[in-house]
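Asker: Got a structure for you, questions after.
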Amino acid sequence: MKNFAALIEVLATSTKTTAKLNAIQDYFSVARDEDKIWVIALFTGRRPKRSVNSALLRLWSMELADIDPWLFEESYHTVGDLAEAIALLLPEASIDDRENGGEEKSLTHYMNILLKLGKETDEVKKEFVTSTWAKMNRNEIFVFNKLMTGGFRIGVSQKMMVNAIAKTTGVSPSIIAHRIIGNWDPATISFSELMSTEHSTADVSKPYPFYLAYAVEENVSVLGAPEEWQAEWKWDGIRGQIIKRNDELFVWSRGEELMTEKFPEYNVLLDLLPNGIAIDGEIISLAGVPDPTHFAPLPFSALQTRIGRKNITKKQLTEAPVGFIAYDLLELNGEDIREIPMQERR
């Protein structure tokens, strides 16, 4: 856990991309495989749910810091973050106390406990949390609090993490990016399994990494002749992939969220598409115009009415019907064809 907390501190305080990349690479070169899988999960948004409510954390931290509620609230208001406020208010364990705290516990050790802690009694939660605080320095407490409250976020791009793993493992970044996307659970899969080809082929729903649009930071003239490029409209929708494998249809969003049930209109593709196909494009709301063979795009707000609902009503299907604007063909006949020039794929 100490190494992970130290990594987070570097990533949170450094402004240089190279320093962040080196820090992640250094961590992966020495970390246990069981911890690596959790770091990948946390850095890709697979954080656990809150295991202890904030009211209890407030109460326990006030008891340990021996302060009144008004002072805690004033401190929290000044800091603006509960996890950080608690870390700053708690008495920090001395070096001797930390050294006498027994064997250093791994990130995986804490994550496994946090996954089960939500079902325990408040007494059990308090014993675990307060005893853990007593063994940690301030930065470690802050990171632990973030993991415990379900609020862990880190300003590191997935591309940076992928490049760091690639340098450590010697595997191509494009392969790493494909293997860490899709449905997988850090509590049930090992690092070696996630990195293996078998894992990639076992998940029939697995999408491909999303290649998104970015602003050109330099003068556009450096891009060369326009005829060497392919232009696309920026549609007001969600970047997505439609995949059909083993007679099943899967719809993925760019946020790696499986959204098949949100868009029942796509079910017709089960009969139209062959198995072993992955299409990249834009999920967009389209309304019919006087000519029934043409459609006009609706505002993104129309699509949002579909995304936030568990059950889609007939009214929503009528008011915000969806279409799919295809950009690219990523897989055909069960084969990854991304190495083929895009012009040919289209």
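Read in order, the letters of the sequence shown correspond to residues 427 to 772 in this note's numbering.
C-beta: ideal position from N, C-alpha, C; glycine also.
Since the model is a prediction, treat every value here as computed from it, not as a measurement.
(1) Flag this pair as yes or no: are the beta carbons of G707 and I751 separated by less than 7 Å?
(2) If I measure Cβ to Cβ from F469 and keep anything under 8 Å in the same chain, skipping five residues before and after, which residues do I get?
(3) Which runs of the alpha helix (DSSP H), 4 residues or longer, sit entirely within the segment 612 to 698?
(4) Pull up the distance between the alpha-carbon of P652 and that of V646, whole angstroms please.
(5) So A457 and N479 are in contact, right, with Cβ under 8 Å, and what is the actual spacing, rounded?
(6) Would you list, in sequence order, the uninterrupted alpha helix (DSSP H) runs of no fewer than 4 residues that lie entirely inside the segment 435 to 489?
(7) Work out the CA separation of L437 and P633 for me, nearest whole Å.
(8) By Cβ distance, which residues of its chain are closer than 6 Å to E460, with the 5 residues on each side in sequence left out?
(9) Are the C-beta of L468 and some C-beta of chain B separated by less than 7 Å?
(10) I'd like the list of long-range same chain contacts for M621, defined as Cβ closer than 8 Å, with 5 residues on each side in sequence excluded.
(11) Looking only at DSSP bridge pairs, what is G707 linked to?
(12) Out of curiosity, what's the CA-to-CA distance linking N565 and A639?
(13) Considering only C-alpha positions, which residue in the set D762, P747 and V748 is nearest to D754?
(14) Between the Cα of T558 and those of M537, F578, K545 and H503, spot the shortest distance and give me the residue it belongs to.
(15) Run through DSSP, which three-state label would F721 get?
(16) Going by the CB atoms, is the gap between W610 and T556 shorter than 7 Å?
(17) Residues in its own chain within less than 6 Å of A511 by CB, not counting five upstream and five downstream?
(18) Who are the Cβ neighbours of Y463 in its own chain at under 7 Å, not counting the five residues just before and after it?
(19) How about L729 and S711: do their beta carbons lie closer than 7 Å?
(20) May I ask you to report which of helix, strand or coil DSSP gives L787?
(21) So N563 packs on E518, CB below 8 Å; how close in whole Å?
(22) Please go through the same chain and pick out, in chain order, the residues whose beta-carbon is closer than 7 Å to the beta-carbon of K688, but skip the five residues on each side of it.
(23) Helix, strand or coil for D507? Go by DSSP, reduced to three states.
(24) Give me, in chain order, the residues of the same chain whose beta-carbon lies closer than 8 Å to that of Y692; leave out the 5 immediate sequence neighbours on both sides.
(25) Exposed or buried, A481, counting other C-beta atoms within 10 Å across all chains shown (16 or more means buried)?
(26) Relative to the C-alpha of L447, which residue among Q742, I591 and I493 is closest?
(27) Measuring CA to CA, which of L540, M488 and P599 is closest to L573?
(28) Leaving aside the five residues before and after R771 along the sequence, list all residues of the same chain whose C-beta is less than 7 Å from its C-beta, in chain order.
(29) Specify the secondary structure class of E546 as computed by DSSP and reduced to three states.
(30) Is it buried or exposed, T575, if we count other Cβ atoms within 10 angstroms and call 16 or more buried?
(31) Since I believe I567 is in contact with L490 (beta carbons under 8 Å), could you give me their beta-carbon distance rounded to a whole number of angstroms?
Answerer: On the basis of the data shown:
(1) Yes; because the gap between Cβ atoms is below 7 Å, this pair is in contact.
(2) Counting only Cβ-Cβ distances below 8 Å, and skipping sequence neighbours, we find I580, V582, Q584 and M587.
(3) Within the segment 612 to 698, complete alpha helix (DSSP H) segments of at least 4 residues are found at 617 to 621, 623 to 628 and 695 to 698, given in chain order.
(4) So the two alpha carbons sit approximately 10 Å from each other.
(5) A Cβ-Cβ distance of about 31 Å is found for the pair A457 and N479, leaving them out of contact under the 8 Å criterion.
(6) As far as the segment 435 to 489 is concerned, its whole alpha helix (DSSP H) runs of at least 4 residues are 443 to 456 and 459 to 469.
(7) Between P633 and L437, the alpha-carbon positions lie close to 28 Å from each other.
(8) So the list reads T534, once near-sequence residues are dropped.
(9) Among the chains of the structure shown, chain B does not appear; only one protein chain is present.
(10) Result list for M621: T595, V597, I602 and R605, in chain order.
(11) DSSP lists G666 and A752 as the bridge partner or partners of G707.
(12) Here the alpha carbon of N565 sits roughly 36 Å from the alpha carbon of A639.
(13) It is D762.
(14) The residue with the shortest Cα to Cα distance from T558 is M537.
(15) Three-state result, F721: strand.
(16) Between T556 and W610, the CB-CB gap reaches or exceeds 7 Å.
(17) If we look at A511 and ignore the five residues flanking it on each side, its Cβ neighbours are S501, Y502 and V505.
(18) Residue 463 is actually Ile in this sequence, not Tyr. Closer than 7 Å at Cβ, skipping near neighbours: P612, I615, S616, F617 and L620.
(19) At a Cβ-Cβ threshold of 7 Å, L729 and S711 count as neighbours.
(20) Coverage of the chain is limited to positions 427 through 772, which leaves residue 787 absent and any answer about it impossible.
(21) 6 Å between Cβ atoms; contact.
(22) Hits under 7 Å: R732, I733 and I738.
(23) In the structure shown, D507 sits in coil (DSSP, three-state: anything other than H, G, I, E or B).
(24) Excluding residues within five positions, the ones whose Cβ falls inside 8 Å are I668, L675, V677, T686, V748 and F750.
(25) Under this definition A481 is an exposed residue.
(26) Comparing Cα positions, the closest option is I591.
(27) Selected option, being the one with the closest Cα: L540.
(28) Excluding its 5 nearest sequence neighbours in each direction, R771 has C-beta neighbours in its own chain below 7 Å: D754, L755 and I763, listed in chain order.
(29) In the structure shown, the three-state DSSP call for E546 is coil.
(30) Counting Cβ neighbours within 10 Å, T575 comes out buried, since at least 16 surround it.
(31) By a beta-carbon distance limit of 8 Å, L490 does not contact I567. Their separation comes to about 11 Å.
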